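A.B. asks: Mapping of the sequence shown onto the working numbering: position 73 corresponds to residue 63, and the numbering continues sequentially without gaps.
Here a beta-carbon is modelled for each residue, glycine too, at the ideal position from N, C-alpha and C.
Keep in mind it's a predicted model, so treat the numbers as computed, not measured.
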Amino acid sequence: MAGQSRLIAGCVAIALAATTAASAPSADPADYRAARTAARALSRTTQANFTDSEAHPGRKVFDLEFCTERDPEVGGATEGRTMALEDLALKVSEMEAGLTRGGYSAAVFAGPLRLYEQQALARIAARTAHPRRRGSDDPWATDADDAAQEASLASMGRAVEAARARLQPRLPPVVVQGGCGAGETAVLLRASPARATVWLITQFSFDVCKAKGLDPWDRGACGRWGEVALDRKTYLSGSYVYQAQWAGGVKTRGQTSVTPSLDDTGPAQVVWIRQR
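#1: On the DSSP bridge assignment, give the partners of TRP189 in chain order.
#2: May I have the straight-line CA-CA distance separating ALA258 from LEU220, to the nearest angstrom?
#3: Would a C-beta distance cut-off of 8 Å place PRO162 and VAL51 closer than the cut-off?
#4: Is the beta carbon of VAL198 sitting closer than 8 Å to the one on ALA74?
#5: Go ahead and pull the three-state DSSP assignment for THR242.
#6: Classify LEU226 as helix, strand or coil using the three-state DSSP reduction.
#7: Enumerate in chain order the residues of its own chain whose CB-to-CB distance from GLN274 is below 6 Å, with the five nearest sequence positions on each side excluded.
#8: Can you list the beta strand (DSSP E) stretches of 3 or more residues lying completely in the stretch 89 to 152, in chain order?
#9: Just the Cα atoms here: how many angstroms apart are ALA149 and PRO102?
#10: Assess, as a yes-or-no matter, whether the stretch 83 to 96 is touched by the stretch 52 to 60 under the definition of 3 or more beta carbon pairs within less than 8 Å.
#11: For the alpha helix (DSSP H) that contains THR175, what are its first and last residues?
#12: State the Cα-Cα distance for the pair MET(-9) and PHE99, rounded to the nearest angstrom.
#13: Check this for me: beta carbons of LEU226 and THR175, under 8 Å apart or not?
#14: For the beta strand (DSSP E) that contains THR41, what are its first and last residues?
What follows is the structure, given as structure tokens:
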């Protein structure tokens, strides 16, 4: 069974590599390509989004609406165009990885997904060219743009489903259904020994800096690191990279993760940063 699992994982990796090679060509903005590189690395753990059908109880469907948000940043949060490009990269990579792991072939989804990506990039370019639009306090979060994105996703869903019905009729239907659950979780960071200085960055932002050719550990070059107050509630969710320093110059680096909770009334999760 272990050998079979490795074979399946290898096939998935090959399929993802083939799909992503075609879905982020050099014509895309350089910072978007860097974000896609980071997002693909993060999506290696993405699972097929099979869920119960709202329209057909008892029937499984694949939901294109993963409704996953970026992990909460601690410092150096991005805004405007950069945020829009990175959110798109995360969404496209997640759908791509989930469909591949669900057994859907690139022939079913690669074309519609690329069209969805191109349409979103065009909207971002238009917002960049005209940052001050009438009636908009925030040109990066307008109702018209949200509606256009929803319409584009719905169109992609219909195209993927039509291709699925023709090419892979035995697989579950592909829909845009939605429905989200857990979000940020209260966390207490503690150091052992105490009195350390701790900095955090999301794994995604760390990988974006690396994809841009920056030293991701350099807090000056990669400006997304944030110092975290120990023993004080911080709201986090997802995968993070940390670096810590104690008196005397002892340093450590590592990775940690915070599992989102559906219960926001319970005690805060405790995350320990320890010397090695």
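C.D. replies: Taking the coordinates as given:
#1: GLU217, GLN233
#2: 13 Å
#3: yes
#4: no
#5: strand
#6: strand
#7: Examination of residue 274 is not possible in this model, given that the chain is present from -9 through 266 alone.
#8: none
#9: 6 Å
#10: yes
#11: Note, THR175: premise wrong, no alpha helix (DSSP H); beta strand (DSSP E) at 175 to 182.
#12: Note that MET(-9) scores a pLDDT of 45, beneath 50, so its modelled location is shaky and nothing firm can be said.
#13: yes
#14: 40 to 42
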